[in-house]
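Position 334 of the sequence shown, counted from 1, bears residue number 428 in our numbering, the numbering being contiguous throughout. For reference, the structure is listed below as structure tokens.
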Amino acid sequence: MNVYDSSRMSDLMQEAYGLRIVDEPQDADVILMNTCSIREKAEDKVYSELGRYKQIKDKRPDLIIGVGGCVGQQEGDRIQKRAPYVDIVFGPQSYHRLPEMVNEVRRGRVRVTATDMPEIEKFDHLPQPKVTGMTGYVTIMEGCDKFCTFCIVPYTRGAEISRPAADILKECQALIDNGAKDISLLGQNVNGYLGEGIDGKEWGFTQLLYAVGALEGMQRLRFSTSHPMEMTTELAESFAEIPALMPYLHLPVQSGSNNTLKAMHRGHQREDYFKSIEELRLFTPDIALSSDFIVGFPGESDEDFAQTLDLVKRVGFDSAFCFKYSPRPGTPAAKAEDNVAEDVKDVRLQALLSLLREQSKTRMAQQIGKTLDVLIEKKSKNEGDLQGRTPDFRIVHFKGNPRLIGQTLAVTITESYAMSLRGELVIAA
Ligand code: SAH
Ligand code: SF4
Numbered sequence: 095m096n097v098y099d100s101s102r103m104s105d106l107m108q109e110a111y112g113l114r115i116v117d118e119p120q121d122a123d124v125i126l127m128n129t130c131s132i133r134e135k136a137e138d139k140v141y142s143e144l145g146r147y148k149q150i151k152d153k154r155p156d157l158i159i160g161v162g163g164c165v166g167q168q169e170g171d172r173i174q175k176r177a178p179y180v181d182i183v184f185g186p187q188s189y190h191r192l193p194e195m196v197n198e199v200r201r202g203r204v205r206v207t208a209t210d211m212p213e214i215e216k217f218d219h220l221p222q223p224k225v226t227g228m229t230g231y232v233t234i235m236e237g238c239d240k241f242c243t244f245c246i247v248p249y250t251r252g253a254e255i256s257r258p259a260a261d262i263l264k265e266c267q268a269l270i271d272n273g274a275k276d277i278s279l280l281g282q283n284v285n286g287y288l289g290e291g292i293d294g295k296e297w298g299f300t301q302l303l304y305a306v307g308a309l310e311g312m313q314r315l316r317f318s319t320s321h322p323m324e325m326t327t328e329l330a331e332s333f334a335e336i337p338a339l340m341p342y343l344h345l346p347v348q349s350g351s352n353n354t355l356k357a358m359h360r361g362h363q364r365e366d367y368f369k370s371i372e373e374l375r376l377f378t379p380d381i382a383l384s385s386d387f388i389v390g391f392p393g394e395s396d397e398d399f400a401q402t403l404d405l406v407k408r409v410g411f412d413s414a415f416c417f418k419y420s421p422r423p424g425t426p427a428a429k430a431e432d433n434v435a436e437d438v439k440d441v442r443l444q445a446l447l448s449l450l451r452e453q454s455k456t457r458m459a460q461q462i463g464k465t466l467d468v469l470i471e472k473k474s475k476n477e478g479d480l481q482g483r484t485p486d487f488r489i490v491h492f493k494g495n496p497r498l499i500g501q502t503l504a505v506t507i508t509e510s511y512a513m514s515l516r517g518e519l520v521i522a523a
């Protein structure tokens with residue numbers, strides 16, 4: 095999501111001022127940081143990075159420095175108090191105003207802060223997104239109303255707002271027409287989508303998916319992130335019903351313990367998660383699954399953690415992201431004592447990672463011998479090889495002519511590694 099937001103910011107600056115991306119900060123006229131505050135570590139990085147930019151600005155006082163994204167939203171004016179050389183502070187809902195803010199700074203060398211959260215008019219002010227490589231991204235909803243007790247997102251990105259279906263369809267079609275072969279619908283909780291349909295009625299996420307999936311030329315469709323609480327049978331079924339919808343789902347569960355899930359205010363229990371997975375596999379037996387986990391949430395006992403390992407064993411994931419709990423200021427969980435010792439968090443994280451690594455290795459090895467449709471994305475780093483993706487999002491390397499880039503061709507898998515596969519084109523070309 096942040097990569098997408100960053101690319102929109104650069105599109106905007108290009109359109110407004112003809113600015114282009116440079117490789118090194120010392121060559122820039124404007125430096126914009128798009129920041130994350132989901133964990134404390136990400137936030138700490140902002141200030142250390144800013145220190146580097148200050149040195150450039152000491153030599154070139156005309157340099158404009160902006161801090162955007164969730165740290166910008168959360169810290170607001172405090173950033174400029176701590177780092178007075180920062181010209182612009184802006185939040186995730188106000189980056190469409192960047193050209194105007196840069197202009198204000200250029201005219202008067204004033205400091206600008208934009209952290210209000212207007213109803214999203216943002217998308218009306220952004221140029222049509224570009225296709226990078228084979229992939230395109232379309233934001234369908236923003237913000238979050240779920241208020242999981244550990245999470246800062248509802249405070250930094252604001253309430254859930256869904257874009258009208260007509261806008262989404264138009265943007266997807268434009269991406270397809272510009273060569274996108276793999277499109278991802280983005281949002282904090284995409285399956286919480288509730289927007290105006292093209293028939294004037296309110297559409298839910300599944301309805302939107304069917305419409306997007308039916309667009310002319312739509313080859314591969316994905317979405318991220320979905321919430322287990324809103325995982326419906328209709329959504330599970332849509333994986334089997336929409337040919338373009340790829341068999342890959344990221345469904346963060348955070349914990350396998352009902353106590354912890356409750357304390358996290360996730361709105362579901364482990365049994366609900368098992369039921370969703372069962373349904374998904376009923377319709378799409380080979381669906382690849384990934385998830386997010388937090389270890390060391392306040393009050394998480396050995397038994398709670400054992401339940402997480404048990405959930406992982408029962409489900410069998412293809413990949414996952416695991417995090418140590420990090421208290422975020424202003425969230426309900428941060429009021430509770432961060433009472434799982436750091437070394438216990440470390441041990442749990444390692445145990446979880448090693449179990450997930452084993453599972454992922456097994457699932458990778460199961461691909462050997464299969465013949466899969468691979469969308470050929472680019473030349474691989476290995477000389478003479480091409481790189482592509484299977485429908486379930488695995489990376490495959492194989493020998494082939496670079497003129498095949500952009501095509502989807504059958505590849506028989508011959509070897510598996512931790513993060514990728516190796517194969518051979520069925521029809522050598
Ligand atoms: N909307 C998505 C997740 C967005 S945040 C969902 O609900 O699934 C991405 C991930 O960061 C979360 O899934 C969670 O695993 C992790 N995360 C969020 N807040 C955290 C915190 N305070 N400490 C550690 N990890 C956190
Ligand atoms: Fe955060 Fe929960 Fe919203 Fe996800 S659903 S963004 S974890 S509050």
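No residue lacks a Cβ here, since even glycine has one placed at the ideal position from N, Cα and C.
Taking Phe333 as part of the alpha helix (DSSP H), name the residues at either end of that continuous run. Segment 327-335, the alpha helix (DSSP H) holding Phe333.
Can you find a heavy atom of the ligand SAH that lies under 6 Å from the Cβ of Phe417? Yes, the ligand SAH has a heavy atom inside 6 Å of this Cβ.
Could you check the C-alpha separation between His362 and Arg257 for me, to the nearest Å? Their backbone Cα atoms lie some 26 Å apart in a straight line.
Sequence-distant residues of the same chain with beta carbon closer than 6 Å to Phe399, five excluded per side: Hits under 6 Å: Arg442.
Does the distance from the C-beta atom of Gly478 to that of Leu469 stay below 7 Å? When the beta-carbon positions are compared, Gly478 and Leu469 stay at least 7 Å from each other.
Quick check on this structure: which residue in Asn197, Leu503, Gly170 has the alpha carbon closest to the alpha carbon of Val124? Across the set Asn197, Leu503, Gly170, the C-alpha of Asn197 shows the shortest separation from the C-alpha of Val124.
Does DSSP classify Lys216 as helix, strand or coil? Three-state DSSP puts Lys216 in a helix.
Buried versus exposed call for Leu339 [16 or more other C-beta atoms within 10 Å across all chains shown]: Buried is the call here.
With a Cβ-Cβ cutoff of 7 Å, do Val161 and Ile150 count as a contact? When the beta-carbon positions are compared, Val161 and Ile150 stay at least 7 Å from each other.
DSSP three-state assignment for Tyr287, whether helix, strand or coil: Secondary structure at Tyr287: coil, using DSSP grouped into helix, strand and coil.
7 Å Cβ cutoff met for Leu279 and Ile336: No, the pair does not count as a contact, with Cβ atoms beyond the cut-off.
Residues proximal to the ligand SF4 by C-beta, any heavy atom closer than 5 Å: Those residues are Cys238, Lys240, Cys242, Cys245, Val247, Gln282, given in chain order.
So, at 7 Å on beta carbons, what are the nonlocal neighbours of Gly298 in its own chain, with the 5 sequence-adjacent residues on each side left out? Closer than 7 Å at Cβ, skipping near neighbours: Tyr287, Leu288.
Limits of the unbroken alpha helix (DSSP H) element including Met211: In the DSSP annotation of this structure, Met211 is not part of any alpha helix (DSSP H), being labelled neither H nor E.
Measuring CB atoms only, is the segment 443-462 touching the segment 507-516, in the sense that at least three cross pairs come out at less than 8 Å? Below 8 Å, enough C-beta pairs join the segment 443-462 and the segment 507-516 to call them touching: three or more.
Just checking His321 against the ligand SAH - is the residue's beta carbon closer than 6 Å to any of the ligand's heavy atoms? Of the heavy atoms belonging to the ligand SAH, at least one sits nearer than 6 Å to the Cβ of His321.
Using C-beta distances below 6 Å, list every residue in its chain close to Glu290, excluding the 5 sequence neighbours before and after it, in chain order. Answer for Glu290: Pro258, listed in chain order.
Whose C-beta lies closer than 7 Å to the C-beta of Gly463 among residues of the same chain, with five residues either side of it excluded? Closer than 7 Å at the Cβ level, and outside the excluded window around Gly463, lie Ile507.
On the CB-based measure, 16 or more other CB atoms within 10 Å of its CB, does Arg191 come out buried or exposed? Around the C-beta of Arg191, 16 or more other C-beta atoms lie within 10 Å, and the residue is accordingly described as buried.
For Ile246 and Glu194, what's the separation of their Cα atoms in angstroms? Note on geometry: alpha-carbon atoms of Ile246 and Glu194 lie some 28 Å from one another.
If you run the structure through DSSP and keep just helix, strand and coil, what is Ala430? Ala430 falls in the coil class under three-state DSSP.
Run the proximity test for Pro346: is its beta-carbon closer than 6 Å to any non-hydrogen atom belonging to the ligand SAH? Yes, the ligand SAH has a heavy atom inside 6 Å of this Cβ.
Rounded to the nearest angstrom, what separates Leu447 and Met95 at their Cα positions? If you take the alpha carbons of Leu447 and Met95, they lie about 24 Å apart.
Residues bridged to Thr229 by DSSP? In DSSP, Thr229 forms a bridge with Thr226, Asp276.
Is Asp386 near the ligand SAH, in the sense that its beta carbon is under 6 Å from a heavy atom of that ligand? Because some heavy atom of the ligand SAH lies under 6 Å away, the Cβ of Asp386 counts as near it: yes.
So which of Asp138, Leu376, Arg200, Asp99 has the shortest CA-CA distance to Gln64? Since the displayed the chain opens at 95 and closes at 523, residue 64 lies outside it and no answer follows.
According to DSSP, is Ile150 helix, strand or coil? Correct three-state label for Ile150: helix.
Alpha carbon to alpha carbon, what distance is there between Ser318 and Val284? Note on geometry: alpha-carbon atoms of Val284 and Ser318 lie some 7 Å from one another.
Cβ-based burial, Ser142 [other Cβ within 10 Å; buried from 16]: Per the 10 Å Cβ criterion, exposed.
Closer than 6 Å by C-beta to Leu144: which residues in its own chain qualify, once you throw out the five before and the five after it? Chain order, please. The beta carbon of Leu144 sits closer than 6 Å to the beta carbons of Ala177 from its chain, once the five residues preceding and following it are set aside; these are given in chain order.
Can you look up Gln528 in the DSSP assignment and give me helix, strand or coil? Because the chain here runs from 95 to 523, residue 528 falls outside it and cannot be looked at.
Would you say Arg422 touches the ligand SAH, meaning its beta carbon is less than 6 Å from a heavy atom? True, at least one ligand heavy atom lies under 6 Å from that Cβ.
Please report the residue range of the alpha helix (DSSP H) in which Leu269 lies. From DSSP, the alpha helix (DSSP H) with Leu269 extends over 259-271.
Please confirm whether any heavy atom of the ligand SAH lies closer than 6 Å to the CB of Ile132. Here the distance from the Cβ of Ile132 to the nearest heavy atom of the ligand SAH is below 6 Å.
Indicate, with yes or no, if the ligand GTP has a heavy atom lying under 6 Å from the CB of Val490. With respect to the ligand GTP, the structure shown offers nothing to examine, as its ligands consist of the ligand SAH and the ligand SF4.
Can you grab the Cα-Cα spacing for the pair Asp181 / Cys238, in whole Å? Going from the Cα of Asp181 to the Cα of Cys238 covers about 29 Å.
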